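All residue numbers in the sequence shown are consecutive under this note's numbering, ending with 349.
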Amino acid sequence: MPCVPGGLKVEVKQTTPATMSRVLVFHVDDGKFCLHADWVEAIYPRREVVLHTLKAADGSAQQFLIHRGQPAWVVDLRQAFGLDDVLGVAERPAFAVVRSGSALLALRVDEFTGVRELDLAERSPVAAALLRDGGHPVGHLVEIDGAVHVLLDPNRILSNTLRDALDPLLEEALAFRDRQARLDRLVPELRKQCTAAGLRTYARLAKRNGLTRAAAAARTVLKALEEVHGLNGGVQGSLGSEQFLRDLLELAAAGQSGTVQVESPKGKASVIFRSGALIDAECADQRGAEALKEILALREGTYSFQPGDTAGHLRRIADSPAWVLTEIVQQLTDERRVKHLRETR
5 MPCVPGGLKV EVKQTTPATM SRVLVFHVDD GKFCLHADWV EAIYPRREVV LHTLKAADGS
65 AQQFLIHRGQ PAWVVDLRQA FGLDDVLGVA ERPAFAVVRS GSALLALRVD EFTGVRELDL
125 AERSPVAAAL LRDGGHPVGH LVEIDGAVHV LLDPNRILSN TLRDALDPLL EEALAFRDRQ
185 ARLDRLVPEL RKQCTAAGLR TYARLAKRNG LTRAAAAART VLKALEEVHG LNGGVQGSLG
245 SEQFLRDLLE LAAAGQSGTV QVESPKGKAS VIFRSGALID AECADQRGAE ALKEILALRE
305 GTYSFQPGDT AGHLRRIADS PAWVLTEIVQ QLTDERRVKH LRETR
């Protein structure tokens, strides 16, 4: 059964006899497993989920994803069965979100092979050899499509030791969720009007949620924004300096219309303002935000502002000036980091 984008809730209709059970069948490494379908809340492709990380008291990292507003602990069966020290940690293409007691688990899965009906009366399941605290098996051996599978008990997947290690992190994971929800509400506001107070809140929340480069970019623009005190004479200077960023914000704050003419060894470029809105940029064959990024990446050259009527110019940049600059500063930081990592390999 292919992974379904956006999370698939497995609906189970209670129309089969009590001895029949509908199970979701999947593979992890060479192991064949299944779970009662009504225990599975969703299936997610790896590429469609964002994983977050918390640090436990012992310094270890624990990943989780947010499923319908609740944290789900990312668990690999290698880890749950104590094999990660031997086999290591593997990336897998999908997750099955499973209810385990009061917690949610996001099990890493290699492949889903479908939903099957299991007749528990035809052949009694045999307890698996791996036992949990109190001598309870992690599941039972059943036959599906002629092969032995482990029918997992979600409440026995985690050992008490592992569950005790995760419990203290739940409050922090919920706090992370709440901060992320605030960020999700804040960003559309910043796109429309990016104030110093809003950008300061964004930087604080982003830093606490581990978005360090986003927070650093916001602080860079915030510093320039707080130094805006009104235009005093012409706007001109050298590229590659903090003054250029500050002057762009000065023009926005002053409600200026006109064009920032840029000259560099790579040629001419321009940034267009209309009544304080940064509406477009042109650099070589680039237009809009991509062109603005190319201009901000320049380290040599000069710029000067020429007031003028830009009412007829096409608007390609819709976001507020401070926010689009924040996004570009982060993108440039990310690109430089990737370049540095490649050069140091």
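C-beta atoms are modelled at their ideal positions from N, C-alpha and C, and glycine is treated no differently.
Quick caveat, the model's predicted, so the values are computed rather than measured.
Whether Gly-305 touches Ser-274 by CB criterion (8 Å): Taking the sequence shown and counting its residues from 1, the one referred to as residue 305 is at position 301. Taking the sequence shown and counting its residues from 1, the one referred to as residue 274 is at position 270. It is not a contact, given that the beta carbons lie outside the stated cut-off.
When the distance is taken between beta carbons, is Leu-203 closer than 8 Å to Ala-222? Along the sequence shown, read from residue 1 onward, the residue named residue 222 stands at position 218. Along the sequence shown, read from residue 1 onward, the residue named residue 203 stands at position 199. Cβ atoms of Ala-222 and Leu-203: closer than 8 Å.
Can you tell me which of the three DSSP states Asp-284 falls into? In the sequence shown, the residue the question calls residue 284 occupies position 280. Note: Asp-284 maps to strand in three-state DSSP.
Could you work out which residue in Val-328, Tyr-307, Ser-245 and Ile-148 is closest to Ala-281 when comparing CA atoms only? On the sequence shown, position 277 is the one that residue 281 refers to. Ranking the options by Cα distance to Ala-281, first place goes to Val-328.
Along the beta strand (DSSP E) that carries Ile-161, what are the first and last residues, could you check? Here residue 161 refers to the residue found at position 157 of the sequence shown. No beta strand (DSSP E) contains Ile-161, which DSSP labels as neither H nor E.
Buried or exposed: where does Gly-63 fall if 16 or more other Cβ atoms within 10 Å of its Cβ makes it buried? In the sequence shown, residue 63 corresponds to position 59, counting from 1. With fewer than 16 neighbouring CB atoms inside 10 Å of its own CB, Gly-63 falls in the exposed class.
Quick one: measure Cβ to Cβ for Leu-243 and Arg-291, integer angstroms, because I've assumed they're closer than 8 Å. Translated into positions along the sequence shown, residue 243 becomes position 239. Translated into positions along the sequence shown, residue 291 becomes position 287. About 19 Å separates the two Cβ atoms, so there is no contact after all.
Whole runs of the alpha helix (DSSP H) within the segment 245-304, excluding any shorter than 4 residues: Whole alpha helix (DSSP H) segments, 4+ residues: 246-257 and 292-301.
Between the CA atoms of Ala-210 and Ala-256 - distance to the nearest angstrom: As a position in the sequence shown, residue 256 is number 252, starting the count at 1. As a position in the sequence shown, residue 210 is number 206, starting the count at 1. Taking the straight line joining both Cα atoms gives about 25 Å.
Should Asp-123 go down as buried or exposed, given a rule of 16 or more other Cβ atoms within 10 Å for buried? Within the sequence shown, the letter at position 119 stands for residue 123. Classified as exposed, Asp-123 has fewer than 16 neighbouring CB atoms from the shown chains inside 10 Å of its CB.
Within its chain, find whatever has a CB closer than 7 Å to the CB of Val-113; leave out the 5 residues flanking it on each side and keep chain order. By one-based count along the sequence shown, residue 113 stands at place 109. Cβ within range, chain order: Phe-30, Val-32, Arg-96, Ala-98, Phe-99 and Ala-100.
Over what stretch of residues does the beta strand (DSSP E) that includes Glu-45 continue unbroken? Sequence index remark: in the sequence shown, residue 45 carries index 41 (1-based). Under the DSSP assignment, Glu-45 falls in the beta strand (DSSP E) whose first and last residues are 44-49.
To the nearest angstrom, how far is it from the Cα of Thr-57 to the Cα of Ala-315? By one-based count along the sequence shown, residue 57 stands at place 53. By one-based count along the sequence shown, residue 315 stands at place 311. Using only the alpha carbons, I get a separation of about 47 Å.
Could you say which of Pro-129, Gly-214, Glu-175 and Arg-167 lies nearest to Leu-187 if we only look at CA atoms? Numbered from 1 along the sequence shown, position 183 holds the residue referred to as residue 187. The shortest Cα separation from Leu-187 among Pro-129, Gly-214, Glu-175 and Arg-167 belongs to Gly-214.
In three-state terms, what does DSSP make of Pro-172? Here residue 172 is taken as the residue at index 168 of the sequence shown, counted from 1. Helix, per DSSP.
Residue range of the alpha helix (DSSP H) that includes Glu-95: Sequence index remark: in the sequence shown, residue 95 carries index 91 (1-based). Per DSSP, Glu-95 is not a residue of any alpha helix (DSSP H), being assigned neither H nor E.
What does the alpha-carbon distance come out to for the pair Ala-326 and Phe-180? Translated into positions along the sequence shown, residue 326 becomes position 322. Translated into positions along the sequence shown, residue 180 becomes position 176. Rounded to whole angstroms, the separation of the alpha carbons of Phe-180 and Ala-326 is 26 Å.
Between Gly-351 and Ala-132, is the Cβ-Cβ spacing less than 8 Å? Residue 351 lies beyond the range of the chain shown here (5 to 349); nothing can be said about it.
Can you tell me which of the three DSSP states Phe-30 falls into? By 1-based counting over the sequence shown, the position of residue 30 is 26. Strand at Phe-30.
Below 8 Å on the Cβ atoms is my guess for Asp-251 versus Val-239; work out the distance and round it to an integer in Å. Here residue 251 is taken as the residue at index 247 of the sequence shown, counted from 1. Here residue 239 is taken as the residue at index 235 of the sequence shown, counted from 1. Between Val-239 and Asp-251 the Cβ distance is about 5 Å, and since that is below 8 Å, they are a contact.
CA-to-CA distance, Phe-37 to Phe-68, given in whole angstroms: Locating residue 68 in the sequence shown gives position 64, counting from the first residue. Locating residue 37 in the sequence shown gives position 33, counting from the first residue. Annotation: Phe-68 to Phe-37 spans about 22 Å, alpha carbon to alpha carbon.
Quick one: residues in its chain with C-beta nearer than 8 Å to the C-beta of Pro-129, no 5 flanking neighbours on either side, listed in chain order? For the purposes of this step, residue 129 is taken as the residue at position 125 of the sequence shown. Excluding its 5 nearest sequence neighbours in each direction, Pro-129 has C-beta neighbours in its own chain below 8 Å: His-144, Leu-145, Val-146 and Leu-155, listed in chain order.
Alpha carbon to alpha carbon, how far is Gln-184 from Tyr-307? Give it in angstroms, no decimals. To locate residue 307, count along the sequence shown from 1; it is residue 303. To locate residue 184, count along the sequence shown from 1; it is residue 180. Near 38 Å, if we compare the C-alpha coordinates of Gln-184 and Tyr-307.
Give the secondary structure of Phe-309 by DSSP, where H, G and I count as helix, E and B as strand, and everything else as coil. Translated into positions along the sequence shown, residue 309 becomes position 305. Strand, per DSSP.
Helix, strand or coil for Ala-84 per DSSP? Taking the sequence shown and counting its residues from 1, the one referred to as residue 84 is at position 80. In the structure shown, Ala-84 falls within a helical segment according to DSSP collapsed to helix, strand and coil.
Gln-334: buried (16+ other C-beta within 10 angstroms of its C-beta) or exposed? Taking the sequence shown and counting its residues from 1, the one referred to as residue 334 is at position 330. It counts as buried.
Suppose contacts are defined by Cβ-Cβ distances below 8 Å. Is Ser-104 in contact with Asp-137 by that definition? Counting from 1 along the sequence shown, the entry for residue 104 is found at position 100. Counting from 1 along the sequence shown, the entry for residue 137 is found at position 133. Their beta carbons are not under 8 Å apart, which means Ser-104 does not touch Asp-137 by this criterion.
For Ala-46 and Ala-228, what's the separation of their Cα atoms in angstroms? Within the sequence shown, numbered from 1, the residue matching residue 46 stands at position 42. Within the sequence shown, numbered from 1, the residue matching residue 228 stands at position 224. Linking Ala-46 to Ala-228 through their CA atoms gives a straight-line distance of about 45 Å.
Tell me the DSSP secondary structure of Val-328 in three-state form. By 1-based counting over the sequence shown, the position of residue 328 is 324. Assigned with DSSP and collapsed to three states, Val-328 falls in helix.
Note down the Cα distance separating Arg-82 from Arg-346, rounded to an integer number of angstroms. By one-based count along the sequence shown, residue 82 stands at place 78. By one-based count along the sequence shown, residue 346 stands at place 342. Going from the Cα of Arg-82 to the Cα of Arg-346 covers about 31 Å.
Going by DSSP in three states, Asp-123 sits in which element: helix, strand or coil? Counting from 1 along the sequence shown, the entry for residue 123 is found at position 119. The DSSP-derived three-state label of Asp-123 is strand.
Is Leu-318 helix, strand or coil by DSSP? As a working mapping, residue 318 is identified with position 314 in the sequence shown. Leu-318: coil per DSSP, three-state reduction.
Give me the Cβ distance between Gly-312 and Gly-271, rounded to the nearest whole Å; I'm assuming they're in contact under 8 Å. Counting from 1 along the sequence shown, the entry for residue 312 is found at position 308. Counting from 1 along the sequence shown, the entry for residue 271 is found at position 267. No, Gly-312 and Gly-271 are not in contact; Cβ-Cβ is about 21 Å, not under 8 Å.
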